[in-house]
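In full-length UniProt numbering, the protein residues as written are 1 to 255.
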């Protein structure tokens with residue numbers, strides 16, 4: 001066999017192997033449930049799903065008329081979010097539900113199940129607060145979950161924190177040499193879902209976000225109403241919440 005053919009064959013085998021590894025392990029690249037072990041504390045809210053999976057989370061200030069649902073990031077411990085919202089959103093009953101496989105929730109994460117769970121989460125909470133406003137906060141990956149809910153259910157306010165237009169486009173930015181559009185099964189298409197929707201929305205972005213490229217947040221903003229609140233904070237994808245103004249922005253928008 002000629003050397004050039006050998007080299008071409010080796011390159012093809014290597015690229016094919018990398019593509020296969022990405023396809024087979026993509027959920028391990030998207031979801032990090034082990035990071036949420038700190039959420040395995042006694043629940044105050046549970047959601048039983050038709051497939052037998054039980055999701056376990058918490059409700060803070062359950063006696064408030066308005067309801068606020070929080071959807072976390074892919075490696076976020078929700079206890080920090082509970083503390084943040086306790087300070088800035090005291091006038092809401094605040095609900096937190098770890099995704100499948102996260103914290104005390106059963107099952108394994110996958111976008112079809114996560115989206116279905118999120119709609120059931122909304123429906124259950126809305127029944128507890130009949131005729132009252134229901135607002136959503138979604139952070140990072142959770143912004144895609146919140147976007148799907150907002151596209152399919154009435155929400156009074158929508159807060160998207162370090163959000164993106166689509167997970168596919170973010171993956172393309174990080175893996176430009178892979179045919180991500182053909183490989184990625186996890187669907188979080190926020191811009192497509194929200195385009196043209198009449199929403200009261202706020203986007204909080206990090207000035208030095210190393211995970212979500214600015215172009216992907218900009219693309220999402222083009223799909224949102226012109227009067228969307230936009231707050232840019234110092235810090236990166238993981239530290240922006242420490243910046244002055246984060247809690248105040250939430251308090252101002254959700255008052």
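Glycine included, each C-beta is placed from N, C-alpha and C at the ideal position.
Secondary structure of residue 222 (DSSP, three-state): helix. Taken through DSSP and simplified to helix, strand or coil, residue 140 comes out as coil. Beta-bridge partners of residue 48 (DSSP): 54. Residue 240 is not a Cβ neighbour of residue 200, given a cutoff of 9 Å.
Fully enclosed alpha helix (DSSP H) runs of no fewer than 4 residues occupy 167-174, 180-183, 190-194 and 214-223 of the region 167-231, in order along the chain. Residue environment: residue 56 is assigned as buried (16 or more neighbouring CB atoms within 10 Å of its CB, all protein chains considered).
With contacts defined by Cβ atoms closer than 9 Å, residue 142 and residue 72 form a contacting pair. Checking the DSSP bridge columns, you'll see residue 146 has no partner listed. Nearest neighbour of residue 237 by Cα position, chosen from 128, 123, 140 and 218, turns out to be 140. Annotated three-state conformation of residue 116 is helix, per DSSP. DSSP places residue 108 outside any beta strand (DSSP E), giving it a letter other than H or E. The shortest C-alpha to C-alpha distance from residue 190 to any of 210, 176 and 152 is the one to 152.
Listed in chain order, the non-local C-beta contacts of residue 53 below 7 Å within the same chain comprise 100, 106 and 107, local neighbours out to five positions each way being set aside. It is roughly 31 Å from the alpha-carbon of residue 78 to the alpha-carbon of residue 196. Segment contact: the region 165-172 against the region 115-123, fewer than three CB-CB distances shorter than 8 Å; contact not assigned. Counted as a single uninterrupted DSSP element, the beta strand (DSSP E) harbouring residue 96 occupies residues 92-96. The alpha-carbon separation between residue 80 and residue 137 amounts to approximately 14 Å. Only exposed fits residue 41, as fewer than 16 other CB atoms lie within 10 angstroms of its CB. If you draw a straight line from the Cα of residue 33 to the Cα of residue 103, it comes to about 7 Å. Residue state for residue 66 is assigned as strand, using DSSP reduced to three classes. As a beta-bridge residue in DSSP terms, residue 233 pairs with 206.
Per DSSP, residue 85 is one residue of the alpha helix (DSSP H) stretching across 78-88.
In the structure shown, the three-state DSSP call for residue 250 is helix. Rounded to whole angstroms, the gap between the alpha carbons of residue 202 and residue 158 is 6 Å.
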